[in-house]
Amino acid sequence: MQQTRTITDKILLVLKGLAMGAANKVPGVSGGVVAFVAGFYEEFIYSLQKVNFKALKLLIAGRFGSLYQYLNGKFLGLLILGMLISYFSVSKILDYLIVHYELYVWSAFFGMIIGSIYYISKDFNEWDRNSIIFAILGIIGGMAISFLEPARQNDNLWFVFVCGMISVSGMTLPGLSGSFILILLGNYVLLLVDSVNALYDTVAEIIVLDFSFTGDADRLRMLQVLAVFAAGSLAGLVSLSHLLGYVLKKYKKETFATIIGFITGSLGVVWPWKEKIFKTNEGGETLIDREGNRIIDNYDRYWPEFDISQTWLAIFFILIGIFIVLGLAWYENKNNHK
0 MQQTRTITDK ILLVLKGLAM GAANKVPGVS GGVVAFVAGF YEEFIYSLQK VNFKALKLLI
60 AGRFGSLYQY LNGKFLGLLI LGMLISYFSV SKILDYLIVH YELYVWSAFF GMIIGSIYYI
120 SKDFNEWDRN SIIFAILGII GGMAISFLEP ARQNDNLWFV FVCGMISVSG MTLPGLSGSF
180 ILILLGNYVL LLVDSVNALY DTVAEIIVLD FSFTGDADRL RMLQVLAVFA AGSLAGLVSL
240 SHLLGYVLKK YKKETFATII GFITGSLGVV WPWKEKIFKT NEGGETLIDR EGNRIIDNYD
300 RYWPEFDISQ TWLAIFFILI GIFIVLGLAW YENKNNHK
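Per numbering that gives the first Met the number 0, the sequence shown starts with residue 0, numbered consecutively.
Structural data, given as structure tokens:
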């Protein structure tokens, strides 16, 4: 699955990782869709499959060059670099935009998913009764997830590890949002806000040689939670990739049909017109995170009123989202056929 890449290809791969990382941060949006539309989904899955016993033996033997080649290290390295850059840059911009322009952000993502569905399905020429059934099952699965009730926050380390394993599915299963899964599990704020902020604060303090955080029990607990979450995510990424690699090899047509259906069903999660439902305690008081923001529990969806100019602007952003995906797909195909 390895291929020779030009400087332009490498830059584009970092940008794709950046887009993938940003998508993973937004509840309802799947980084796997980015990989699928951008045309590197299968290479991504097969590269992750290389994290196995043979890779471990190469590592123990100190054969780092062979390990790098075996793991398709250039591809994974550039992609992960883009994700890391995204996590501390684009995702922060997205956080701001969602707070101040939530309707338009959801509208753009809604359009991007519609564009993705069209782009993926237009080249799928193996529709038969079997693949239609799998597509319908995918749609039902995607819609069912959007109507589940969220659980309460749980910082038990074994549960945090499980959260990591499940949430990383957004990178490997197009249409399944890891961030939304964390909302359903009740740990979105704990794992993607509080623990990340704790890491950011810790790194900032270490840079100025301030190690006072070592005496802060809450900070150390958050770092421990983040480390366990990362370990769970890595375990989930490797195990899911092996499962998906096998399924893609044996049942490629059915897998693609299910993915198309699942992405279609996920439209309910990113429906732009919705109101936030905030978590409350037993006394009815709204719960807040450590930065004073109210904690989102779920959303109430509603139909837009088409006599409001804001709605037409949202529809415009849906169209923008569609054209972004189709434009990027066209550019990708153009480069591939040079």
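Cβ atoms here follow ideal geometry from the backbone N, Cα and C, with glycine treated the same way. Being a predicted model, the structure only gives us computed values, none of them experimental.
- Residues 125 and 130 of the same chain have their beta carbon placed closer than 6 Å to that of residue 252, with the five preceding and five following residues left out of the count.
- With respect to the 9 Å criterion, residue 118 and residue 256 are not classified as neighbours on the basis of their beta carbons.
- The count of Cβ pairs closer than 8 Å, one atom from the region 177-185 and one from the region 33-40, stays below three, leaving the stretches out of contact.
- Distance between residue 61 and residue 79, taken at the CA atoms: about 23 Å.
- Closest option to residue 225, judged by alpha-carbon separation, among 274, 237, 161 and 246: 161.
- At the C-beta level, residue 73 and residue 9 come within 9 Å of one another.
- With fewer than 16 other CB atoms across the displayed protein chains lying within 10 angstroms of its CB, residue 143 is exposed.
- Shown here, residue 41 sits in a helix according to DSSP, grouped into three states.
- Under the three-state reduction of DSSP output, residue 220 falls in the helix class.
- DSSP places residue 62 in the coil class of the three-state scheme, outside both helix and strand.
- In this structure, the beta-carbon distance from residue 102 to residue 272 falls below 9 Å.
- Unbroken alpha helix (DSSP H) runs of no fewer than 4 residues, entirely contained in the region 187-244, are found at 194-206, following chain order.
- Between residue 114 and residue 265, the alpha-carbon positions lie close to 13 Å from each other.
- For residue 238, same chain residues with a beta-carbon under 8 Å away, outside a window of 5 residues either side, are 164 in chain order.
- By the criterion of a C-beta distance shorter than 6 Å, residue 263 is surrounded in its chain by 116 and 138, once the five residues flanking it on both sides are discounted.
- Note that the C-beta distance between residue 222 and residue 197 is below 9 Å.
- At the C-beta level, residue 173 and residue 267 stay beyond 9 Å of one another.
- The criterion of a C-beta distance shorter than 9 Å is not satisfied by residue 104 and residue 227.
- With respect to residue 36, residue 324 sits close: the two C-beta atoms are nearer than 9 Å.
- For the set 186, 21, 210 and 23, the Cα lying nearest the Cα of residue 157 is the one of 186.
- In its chain, beyond the 5 residues on either side, 48 have a beta carbon closer than 7 Å to the beta carbon of residue 241.
- Between residue 20 and residue 59, the C-beta gap is not smaller than 9 Å, which leaves the two residues out of contact.
- The continuous stretches of alpha helix (DSSP H) do not include residue 100, and DSSP gives it neither H nor E.
- Each of 206, 122 and 201 was checked against the Cα of residue 214, and the nearest Cα belongs to 201.
- A check of alpha carbon separations from residue 146 across 188, 44, 270 and 191 identifies 270 as the nearest.
- With fewer than 16 other CB atoms across the displayed protein chains lying within 10 angstroms of its CB, residue 88 is exposed.
- The beta carbons of residue 107 and residue 314 sit no closer together than 9 Å.
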